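In what follows, a single structure is set out as structure tokens and then discussed.
Protein chains: 2
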Amino acid sequence: MKVGIIGVGLIGGSLALSAREHIPDVQLYGSNRSEANLKKSLELGLIDFPLHKQDIKSMDIILLAIPVDIAIIQLVDLLDEVNDNALIIDFGSTKSAICFEVALHSKRGQFLATHPIAGTEYSGPAAALPNLFMNKIQILCETQKTRPDLLEWAQDWFKKIGMNLREMDPLEHDKHIAYVSHLSHISSYMLGKTVIEKEKDQTTIFDMAGSGFASTVRLAKSPPSMWIPIFKQNKDNISETLTEYINNLNQFKTLLETEKFDELYDQIGDINGIRQILEGIAKTKNNN
Amino acid sequence: MKVGIIGVGLIGGSLALSAREHIPDVQLYGSNRSEANLKKSLELGLIDFPLHKQDIKSMDIILLAIPVDIAIIQLVDLLDEVNDNALIIDFGSTKSAICFEVALHSKRGQFLATHPIAGTEYSGPAAALPNLFMNKIQILCETQKTRPDLLEWAQDWFKKIGMNLREMDPLEHDKHIAYVSHLSHISSYMLGKTVIEKEKDQTTIFDMAGSGFASTVRLAKSPPSMWIPIFKQNKDNISETLTEYINNLNQFKTLLETEKFDELYDQIGDINGIRQILEGIAKTKNNN
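In the order they appear, the protein sequences are chains E and W.
Residues are numbered in this note's numbering as their position in the first sequence, beginning at 1, plus a constant of 82.
Residues are numbered in this note's numbering as their position in the second sequence, beginning at 1, plus a constant of 82.
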């Protein structure tokens, strides 16, 4: 079986490792915008061959793991080119725009829209991990629009690599993911910005920042090439989450300045409930 | 040598473990507001005896590891009671108020104000860790006001448990720590609040939240009993950091809504510089 990976980075590279382990007699082809990263992914043995335009027609599976804006453009071209039994799967962090774009494509049945809740703040093929998807949630959108035999193959492979499957409407996906993922990134970016602007003397940050700051600002290391297209595609939902987040911060600031500490105390007591939610996440994901 | 620990929790319990290892013939006394936690710290062997009021006079060292509001009140009483060669060290996250409170005390020389940049989001004696302070920064304030022989003993012990010492003015400390620690906690609390309010259906959070959300919201598990007193004492500095953080978020929101994605791209590229700063933190702390 020939699998082509467009974008052999953190996600694409980890998919390559999972494909190698769970797809019998797989031949892995890959491409990357960066020549250096393509070379690296060949050296690391993530892929066997570079994926050229003329190879597309012979691929059985194509995995699309590139920034969400380019993914949409490429998906249309790829659907036009693939053979009649190939399946294209995308792994981007937004789902409405890409589903909308190909809704009326004659080969819509050969496409599956997914979002694996997995990743790190690192990127590139060297960041690929063999178990990145183990016990992680894989969200599938509009499965009824994917050809049943192709859908079944994908579901089977995802289960083999340890993922727990959930179906979700693309609009619902984008609304919820704005809260639990996109907003986290913005809060982290802006925290990094605020501290960098204030603490021009970096040694003070070195000396005074502990593991708490490192944890909260970790996502601020994520590259704009991946995140700006996400913000662009999910603009309206993100704008709504930002309004609520900023309102909560302003409310906190007012309670602080007017010394309503009892109220703040109760509020934080309630927020501590996030502990159970996070433990639930760990438990749910590991038990499945 | 008799060491009394007021507040045998995460910090106090970890200090107990470090004292046991590095102070010859140490006898460890401890107290805790919670009877259950006091019992636990005796069971865990963190301390040898409960610390009663009548024991204070015989202590050589007293370690104060309780919420910063109670610490101030207790410090004054303790200074009144201790013998003439005892040293009291506090480990709170704010330093101006406590230094100001005892500035004119006749036994000021028997007090040392410190802030170890170490901790986790957990609390209580069961959260104590033997190597919590290894390779961590320990900030010392107003060392010139501590009696030289007592200061020397403390510095020697801190070095033995692996800490890297820095001196800092208490006002400067509170200003900087608002950015690199207190603001992180508030951004995390408010992120948790925003998500909990929106996602009433917790299974959606379970399914869609990944390690990024868990990391950004980790500090929201921290207890209000510790943090409200910190917010109270460092109100003005924190209010300033919040103003800047909210301004940055509003600016981001405007750039998003007006689709100034190139500007956002450059901004995030700059913020990615936090990676080098964080790596610097790791390197600085491990190489010392």
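We put the CB at the ideal spot given by N, CA and C, even for glycine.
Treat the numbers as computed from the prediction; the structure is a model and nothing was measured.
Over the uninterrupted alpha helix (DSSP H) stretch that includes residue i, give me the two end residues.
i, result
"residue 196 of chain E", "Residue 196 of chain E -> not in any alpha helix (DSSP H); beta strand (DSSP E) instead, spanning 193-198."
"residue 99 of chain E", "92-104"
"residue 378 of chain W", "Nothing can be reported for residue 378 of chain W, as the shown portion of chain W is limited to 83 through 370."
"residue 242 of chain E", "230-242"
First and last residue of the beta strand (DSSP E) that includes residue i?
i, result
"residue 112 of chain E", "109-113"
"residue 84 of chain E", "84-88"
"residue 250 of chain E", "246-250"
"residue 172 of chain E", "169-172"
Can you look up residue i in the DSSP assignment and give me helix, strand or coil?
i, result
"residue 131 of chain W", "strand"
"residue 219 of chain W", "strand"
"residue 369 of chain W", "With a pLDDT of 36 at residue 369 of chain W, under the threshold of 50, the modelled position of this residue cannot be trusted; read the value that follows with caution. Note: residue 369 of chain W maps to helix in three-state DSSP."
"residue 145 of chain W", "strand"
"residue 119 of chain E", "helix"
"residue 201 of chain E", "coil"
"residue 185 of chain W", "coil"
"residue 209 of chain E", "helix"
"residue 353 of chain E", "helix"
"residue 361 of chain E", "helix"
"residue 161 of chain E", "helix"
"residue 292 of chain W", "coil"
"residue 335 of chain E", "helix"
"residue 341 of chain E", "coil"
"residue 305 of chain W", "coil"
"residue 257 of chain E", "helix"
"residue 324 of chain E", "helix"
"residue 175 of chain W", "coil"
"residue 51 of chain E", "Since the first residue of chain E shown is 83 and the last is 370, residue 51 of chain E is not available in this structure."
"residue 318 of chain W", "helix"
"residue 126 of chain E", "coil"
"residue 299 of chain W", "coil"
"residue 348 of chain W", "helix"
"residue 166 of chain W", "coil"
"residue 283 of chain W", "coil"
Tell me whether the beta-carbon of residue i lies closer than 8 Å to the beta-carbon of residue j.
i, j, result
"residue 338 of chain E", "residue 321 of chain W", "yes"
"residue 144 of chain E", "residue 88 of chain E", "yes"
"residue 207 of chain W", "residue 308 of chain W", "no"
"residue 94 of chain W", "residue 141 of chain W", "no"
"residue 197 of chain W", "residue 221 of chain W", "yes"
"residue 311 of chain E", "residue 151 of chain E", "yes"
"residue 291 of chain E", "residue 262 of chain W", "yes"
"residue 129 of chain E", "residue 110 of chain E", "yes"
"residue 260 of chain W", "residue 217 of chain W", "no"
"residue 256 of chain W", "residue 219 of chain E", "no"
"residue 214 of chain W", "residue 200 of chain W", "yes"
"residue 112 of chain W", "residue 98 of chain W", "yes"
"residue 210 of chain E", "residue 301 of chain E", "no"
"residue 204 of chain W", "residue 276 of chain E", "no"
"residue 268 of chain W", "residue 295 of chain E", "no"
"residue 355 of chain W", "residue 278 of chain E", "yes"
"residue 323 of chain E", "residue 265 of chain E", "yes"
"residue 248 of chain W", "residue 303 of chain E", "no"
"residue 195 of chain W", "residue 252 of chain W", "yes"
Between the stretch 312-334 of chain E and chain W, which residues of the former have a C-beta closer than 8 Å to a C-beta of the latter?
313, 314, 317, 320, 321, 323, 324, 325, 326, 327, 328, 330, 331, 332 and 334
Identify each residue in the stretch 260-283 of chain W for which the Cβ-Cβ distance to at least one residue of chain E is less than 8 Å, and report them in chain order.
261, 262, 263, 265, 266, 267, 268, 269, 270, 271, 272, 273, 274, 275, 276, 277, 278, 279, 280 and 281
By the 9 Å beta-carbon criterion, what residues does the stretch 165-193 of chain E contribute toward chain W?
Contacts with chain W (Cβ-Cβ distance below 9 Å) from the stretch 165-193 of chain E involve no residue at all.
Count Cβ pairs between the stretch 225-242 of chain W and the stretch 174-191 of chain W that sit closer than 8 Å; are there 3 or more?
Output reads yes: the stretch 174-191 of chain W touches the stretch 225-242 of chain W.
Kindly confirm or deny that the stretch 94-111 of chain W and the stretch 159-166 of chain W touch, where touching means at least three C-beta pairs closer than 8 Å.
No: the two stretches stay apart, fewer than three of their Cβ pairs being nearer than 8 Å.
For the stretch 295-309 of chain E, which residues have a CB atom closer than 9 Å to at least one CB atom of chain W, in sequence order?
295, 296, 297, 298, 299, 300, 301, 302, 303, 304, 305, 306, 307 and 309
For the 8 Å Cβ check, are there 3 or more pairs between the stretch 239-249 of chain W and the stretch 275-286 of chain W?
no
Members of the stretch 100-133 of chain E near chain W, C-beta cut-off 9 Å
none
Output, in sequence order along the chain, the residues in the stretch 205-235 of chain W whose CB is closer than 7 Å to any CB in chain E.
219
contact_flag[the stretch 113-130 of chain W, the stretch 339-350 of chain E] where n(CB pairs < 8 Å) is 3 or more:
no
When you check each C-beta in the stretch 147-167 of chain W against every C-beta of chain E, which residues fall closer than 8 Å?
none
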